[in-house]
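Below is one structure, written out as structure tokens; comments come after it.
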Amino acid sequence: MIKIFFAKELGFCWGVERAINLAAQAKNEYSGEVTILKEIVHNRQVVDFFKKKGVGQEDTLDKIESGTLVISAHGLSPKLKEEAQQKGLRIVDTTCPLVENVHSFTRELLRDGYQVILYGEPGHDEVHGVMGIDEANIHLLAEYEDIDHLPRFEHGKVALITQTTRGVKAFQQVCDKMKEIYPEIKIVNTICDATDTRQAAIHELAPNVDLVLVIGSQSSGNSQRLRDIAESICGKAYLVDHPTQIDWGWFEGVEKVGITAGASTPSFAIEGMLKALQAGVGIDVANSDAKLFEYKSFAPYKKNVQQTA
-6 MIKIFFAKEL GFCWGVERAI NLAAQAKNEY SGEVTILKEI VHNRQVVDFF
44 KKKGVGQEDT LDKIESGTLV ISAHGLSPKL KEEAQQKGLR IVDTTCPLVE
94 NVHSFTRELL RDGYQVILYG EPGHDEVHGV MGIDEANIHL LAEYEDIDHL
144 PRFEHGKVAL ITQTTRGVKA FQQVCDKMKE IYPEIKIVNT ICDATDTRQA
194 AIHELAPNVD LVLVIGSQSS GNSQRLRDIA ESICGKAYLV DHPTQIDWGW
244 FEGVEKVGIT AGASTPSFAI EGMLKALQAG VGIDVANSDA KLFEYKSFAP
294 YKKNVQQTA
């Protein structure tokens, strides 16, 4: 039997819960089509859940001509918001308030004459939204190794901000290097608390287990980061979205397994993974202090779904 140890912080953050509830409320309250632009949060099971309840999803605004537009938790560029308004769409904005803070800080820095460097993932929805504020004066830094390829600002002011879900330690390394190049650089740490606490929890958990399972989708940046951190510490870490993705060979010779989950991973996904582990290898939960089931499987949403069935 394998002993299971939970990270002290895992699963849904309040920003994700808020976005899901706002999207559910929109479906419940408004007639006509309700369509989410891209993914409400980066979790396949959450996305599929909304699809089954009749909420539409499109990858581009061009495909949404009427009804209600739901902006995802990752936010949207000012230009696309304006286009949506011009189309006459009803807009339900579920942007995480901490992502909104990144937008606000960025606009303020630009108004003050700064060239803004954004430490973020190319292609991430949050990054698209922030870059869309002013692509001429916001410069994307994907990785530490790319610092040398940034434009050199010989004159003027330089500021550094970050995507809310980037790695805490990786961002600190970027900050240290940027200070060497620009001693007067203004740094605004916009990594969210949920990212920080979940990464700190995996730093605490991973040294004490033989293997870490990170429950979350491949599209989830914060889940990817948890897997990377865990792997760097204990050597064996896997990101899995569903029990069907488990390779039971992973557990050969393993006695202690750590469990964590990305900030967009619902409690029912965690519960499903535990049931699969119990059936597959047998488990004994060794700690019970994890904040595991703070949000009960979309409990607020289930009530709304019953009303609209």
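Numbering (the numbering used here), first residue to last: -6 to 302.
For glycine and all other residues, C-beta sits at the position ideal for the given N, C-alpha and C.
Within its own chain, the residues whose Cβ lies closer than 7 angstroms to the Cβ of aspartate 127, once the five positions on either side in sequence are excluded, are Leu103, listed in chain order. Runs of the alpha helix (DSSP H) lying entirely within the stretch 1 to 75, each at least 4 residues long, are 7 to 22 and 37 to 45 in chain order. Excluding the 5 residues flanking it on each side, alanine 223 has same chain C-beta neighbours closer than 6 angstroms at Ile195, Ala199, Val205 and Ala230, in chain order. Secondary structure in the stretch 239 to 274: the beta strand (DSSP E) runs of 3 residues or longer, each lying completely within the stretch, are 249 to 254 in chain order. Checking the DSSP bridge columns, you'll see tyrosine 112 partnered with Leu134 and Thr155.
When beta bridges are read from the DSSP output, aspartate 234 appears opposite no residue.
Annotation: the continuous beta strand (DSSP E) that includes leucine 204 extends over 204 to 208.
Beta-bridge partners assigned by DSSP to valine 85: Val63. Contact between alanine 12 and valine 34 holds: CB atoms are separated by about 6 angstroms, below the 8 angstroms threshold. Taking all protein chains shown into account, serine 24 has fewer than 16 neighbouring C-beta atoms within 10 Å of its C-beta and is therefore exposed. Under the Cβ criterion (8 angstroms, minimum of three pairs), the stretch 251 to 266 counts as touching the stretch -1 to 6. Short of 7 angstroms from the beta carbon of leucine 54, and not among the five residues preceding or following it, lie these beta carbons of its own chain, in chain order: Leu30, Leu73, Glu76 and Ala77.
Ranked by Cα distance from phenylalanine -2, the first of Ala269, Lys45 and Glu248 is Glu248.
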